[in-house]
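Sequence lines, in order, name chains A and B.
For the record, in the first sequence the residue sitting at position 109 is 109 according to this note's numbering, with numbers rising by one throughout.
For the record, in the second sequence the residue sitting at position 9 is 292 according to this note's numbering, with numbers rising by one throughout.
Protein chains: 2
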Amino acid sequence: MIIINKPNEMSEKIKSLKLQGKSIGFVPTMGYLHNGHMSLIEKARGENDIVAVSIFVNPTQFGAGEDLDSYPRNIERDEALCKEKGADIIFAPQSVDMYPKGYSTYVDVEGSITRGLCGASRPGHFRGVATVLAKLFNIVQPQRAYFGQKDAQQVAVVRRMAEDLNMDVEIVSCPIVREEDGLAMSSRNTYLSPGERMDALVLSRSLFEAKEMIMSGKRDASNIKSHIKSGISGVKSADIDYVEIVDADSMEDLEVIRGRVLVALAVRVGKTRLIDNIILEVE
Amino acid sequence: MIIINKPNEMSEKIKSLKLQGKSIGFVPTMGYLHNGHMSLIEKARGENDIVAVSIFVNPTQFGAGEDLDSYPRNIERDEALCKEKGADIIFAPQSVDMYPKGYSTYVDVEGSITRGLCGASRPGHFRGVATVLAKLFNIVQPQRAYFGQKDAQQVAVVRRMAEDLNMDVEIVSCPIVREEDGLAMSSRNTYLSPGERMDALVLSRSLFEAKEMIMSGKRDASNIKSHIKSGISGVKSADIDYVEIVDADSMEDLEVIRGRVLVALAVRVGKTRLIDNIILEVE
Numbered sequence: 001m002i003i004i005n006k007p008n009e010m011s012e013k014i015k016s017l018k019l020q021g022k023s024i025g026f027v028p029t030m031g032y033l034h035n036g037h038m039s040l041i042e043k044a045r046g047e048n049d050i051v052a053v054s055i056f057v058n059p060t061q062f063g064a065g066e067d068l069d070s071y072p073r074n075i076e077r078d079e080a081l082c083k084e085k086g087a088d089i090i091f092a093p094q095s096v097d098m099y100p101k102g103y104s105t106y107v108d109v110e111g112s113i114t115r116g117l118c119g120a121s122r123p124g125h126f127r128g129v130a131t132v133l134a135k136l137f138n139i140v141q142p143q144r145a146y147f148g149q150k151d152a153q154q155v156a157v158v159r160r161m162a163e164d165l166n167m168d169v170e171i172v173s174c175p176i177v178r179e180e181d182g183l184a185m186s187s188r189n190t191y192l193s194p195g196e197r198m199d200a201l202v203l204s205r206s207l208f209e210a211k212e213m214i215m216s217g218k219r220d221a222s223n224i225k226s227h228i229k230s231g232i233s234g235v236k237s238a239d240i241d242y243v244e245i246v247d248a249d250s251m252e253d254l255e256v257i258r259g260r261v262l263v264a265l266a267v268r269v270g271k272t273r274l275i276d277n278i279i280l281e282v283e
Numbered sequence: 284m285i286i287i288n289k290p291n292e293m294s295e296k297i298k299s300l301k302l303q304g305k306s307i308g309f310v311p312t313m314g315y316l317h318n319g320h321m322s323l324i325e326k327a328r329g330e331n332d333i334v335a336v337s338i339f340v341n342p343t344q345f346g347a348g349e350d351l352d353s354y355p356r357n358i359e360r361d362e363a364l365c366k367e368k369g370a371d372i373i374f375a376p377q378s379v380d381m382y383p384k385g386y387s388t389y390v391d392v393e394g395s396i397t398r399g400l401c402g403a404s405r406p407g408h409f410r411g412v413a414t415v416l417a418k419l420f421n422i423v424q425p426q427r428a429y430f431g432q433k434d435a436q437q438v439a440v441v442r443r444m445a446e447d448l449n450m451d452v453e454i455v456s457c458p459i460v461r462e463e464d465g466l467a468m469s470s471r472n473t474y475l476s477p478g479e480r481m482d483a484l485v486l487s488r489s490l491f492e493a494k495e496m497i498m499s500g501k502r503d504a505s506n507i508k509s510h511i512k513s514g515i516s517g518v519k520s521a522d523i524d525y526v527e528i529v530d531a532d533s534m535e536d537l538e539v540i541r542g543r544v545l546v547a548l549a550v551r552v553g554k555t556r557l558i559d560n561i562i563l564e565v566e
């Protein structure tokens, strides 16, 4: 496994691999890897000649007052984990090389996909996500890029961008990986105190309850959202950011649950903002 | 020479050419080709295995009330000209295939490069330009893309975008091609009545005078702009949109003329908006 820091060195390396006819699978991450990331690397390993993992805490997707500076980092541990899973290349650029002086270009995905959910709570977040992924895709030139469904809205944004801008990359979405007790894996779980860690179970528990309600035939979205909200409100350290039920592709609000449906929520537990979701196919 | 209309067919064709190790030179145009375009195709022909010309009147770079509907079109003549100059592929997509239902993604170059000149007169214009070129570059995957210096601000925008988004393409700027009497070639010259055609010479004449003033040692930008403006004001059918002297790369306003300097103007002659410019290297 090799580690590359400079964007132009990464581009050159990729070019020489493509000239050899190698297929590239790409796992973009912000590092501090957990089992969710591991599942993406494993999936990429099975489908491509070369697996490239990027580790870059992208400043443009953080808003003012968000956790850019405190976001957990541990590059040595990340390297060991990538090596263990059989990655071939780690691309770990510096901010100053990704956004040098005079940097001016941004990619926006507009409309329903970015209007609600995290797009509403975190203005500019998806602009930063789309921009950095456009850059990374141009550098890494992957056949396939792997994303966790935990960031379901991010997956919808990147799919839309790739299709709209005629990018030659397949976007692969992989299931959420959970702790044994149901908590969705996240680098931000490390922020939680032991008490908050317990309280945070209300996210997945609410979603599993919603799933049961829908499976048992309930189709009224506002009814199910109310149920979820009242469950979360019962937990003292938990503060709801949003609870939404939307079309899983367009992210448009649903009143009646039908089709490919995303039930998504964001909850602040103490000072830590956590997200979780489920996707259901409903007739 | 082959003609391709569908973006996915173009992508497939390009992929097979790249697998054969061919280099691609790309000339993006809005059609109604003139000798300016011909010079780009010739230059591309000399530097690449394959020359691809796109012909697409891009709706997203036209503002409300602009000449999208009346923009001159003659695809048969364009095809004959491309063939004559040795182009290999014409890519002539339909709007509905470039911007299908649900299209949502735009590329913005912010800051001084797009703030003034045509960016100020035509809000959204460069957003449309950057977006369509991002799409076209992804479809055509060129090693080199050729642009006329007549659209000097466009060249600065696309250079900035390509560098910022790590696109693997060299942006080649080619000199303005003029009619014998000095008028810069433009598809829009066809709008001019015979009287307006005479009046339109004030654009190039003003620029040549400005060049002489600068060459003779004058360095005060506002003085030279005043001289240009008073010349244009003497022509009854001419209405100044802007006259600017800026840094040729950053497009930042200059008070003192020094470095790589762009003297650029936009003038409405009758109903036709024309642009022209000169770039000078000044010690």
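C-beta: ideal position from N, C-alpha, C; glycine also.
What you are looking at is a predicted structure, and each value in this text was computed from that prediction instead of being measured.
Which chain B residues are close to A:T105, counting only those with a beta carbon under 8 Å from its beta carbon? Within 8 Å Cβ-Cβ: V390, D391, V392, E393, A413, R443, M444, D447 and L448.
Quick check on the DSSP output: the alpha helix (DSSP H) that includes A:T190 runs from which residue to which? Boundaries for A:T190: no alpha helix (DSSP H) harbours it, and the DSSP string shows neither H nor E there.
Specify the secondary structure class of A:P142 as computed by DSSP and reduced to three states. The answer is coil: DSSP assigns A:P142 none of H, G, I, E or B.
Cα-Cα separation, A:I89 to A:D97: Cα-Cα distance, rounded: 18 Å.
Can you have a look at B:I285 and say buried or exposed, based on whether 16 or more other CB atoms are within 10 angstroms of its CB? Exposed.
Taking Cβ positions only, does B:P311 come closer than 8 Å to chain A? For B:P311, the nearest beta carbon of chain A is not closer than 8 Å to its own beta carbon.
Output, in chain order, the set of chain A residues within a Cβ distance shorter than 9 Å of B:S378. What B:S378 touches in chain A: nothing, since even the nearest Cβ is about 14 Å away.
Put B:N288 into one of helix, strand or coil per three-state DSSP. Looking at B:N288 - three-state DSSP - the assignment turns out to be coil, as it is neither helix nor strand.
Contact defined as beta carbons within less than 8 Å: I believe B:L563 pairs with B:K508. What is the distance between those atoms, to the nearest angstrom? About 14 Å separates the two Cβ atoms, so there is no contact after all.
Based on DSSP bridge pairs, tell me the residues matched to A:E354. Limits of chain A in this structure are 1 at one end and 283 at the other, which puts residue 354 of chain A out of reach.
Can you tell me the Cβ-Cβ gap for A:V172 and A:A200, rounded? I've got them flagged as a contact below 8 Å. The pair is not a contact, with the Cβ atoms about 27 Å apart (cut-off 8 Å).
Name, please, each residue of chain B whose Cβ falls closer than 7 Å to the Cβ of A:A284. No statement about residue 284 of chain A is possible, as the shown extent of chain A runs from 1 to 283 and does not include it.
Listed from N- to C-terminal order along the chain, which residues in the segment 453-467 of chain B have their beta-carbon within a distance smaller than 9 Å of any beta-carbon of chain A? Listed by position, the residues of the segment 453-467 of chain B near chain A (Cβ gap below 9 Å) amount to none.
Hey, does B:N421 have any beta-carbon neighbour from chain A nearer than 8 Å? Closer than 8 Å to the CB of B:N421 there is at least one CB belonging to chain A.
What is the DSSP secondary structure of A:L33, reduced to helix, strand or coil? In the three-state scheme derived from DSSP, where H, G and I count as helix and E and B as strand, A:L33 is classed as coil.
Residue from B:Y474, B:D522 and B:Y386 whose Cα sits closest to the Cα of B:K418: Minimum Cα distance to B:K418 is reached at B:Y386.
What residues from chain B crowd round A:S11, counting only those whose CB sits closer than 8 Å? Listed along the chain, the chain B residues whose CB falls inside 8 Å of the CB of A:S11 are N449 and D451.
Terminal residues of the alpha helix (DSSP H) in which A:I113 lies: Per DSSP, A:I113 is one residue of the alpha helix (DSSP H) stretching across S112 to R115.
Where B:S520 falls: helix, strand or coil (DSSP): DSSP places B:S520 in coil when its eight states are reduced to three.
Is the beta carbon of A:I176 less than 8 Å from the beta carbon of A:S206? Against a cut-off of 8 Å, the Cβ pair of A:S206 and A:I176 comes out as no contact.
Between the beta-carbon of B:R480 and the beta-carbon of A:T105, is there less than 8 Å? It is not a contact, given that the beta carbons lie outside the stated cut-off.
N- and C-terminal bounds of the beta strand (DSSP E) containing A:V267: Segment G259 to V269, the beta strand (DSSP E) holding A:V267.
Just tell me which of B:V412, B:R398, B:G369 and B:A375 has its CA closest to the CA of B:N331. When each option's Cα is compared against that of B:N331, the closest is B:G369.
Kindly indicate which three-state DSSP category B:P311 falls into: helix, strand or coil? If DSSP states are grouped into helix, strand and coil, B:P311 belongs with the strands.
How about B:M534 and B:Q436: are their beta carbons less than 8 Å apart? Less than 8 Å separates the beta-carbon of B:M534 from that of B:Q436.
Which residue's Cα is closest to the Cα of B:N560: B:R551, B:E393, B:V544 and B:S470? Nearest of B:R551, B:E393, B:V544 and B:S470 to B:N560, Cα basis: B:V544.
Per DSSP, the bridge partner or partners of B:L563: Residue pairing by DSSP places B:L563 opposite B:V544 in a beta bridge.
Stretch pair the segment 111-128 of chain A + the segment 239-255 of chain A: three plus CB contacts closer than 8 Å: Yes, since at least three Cβ pairs between the segment 111-128 of chain A and the segment 239-255 of chain A fall closer than 8 Å, the two stretches touch.
Nearest by alpha-carbon distance to A:G148: which of A:P28, A:K271 and A:L165 is it? Out of A:P28, A:K271 and A:L165, A:P28 has the C-alpha closest to the C-alpha of A:G148.
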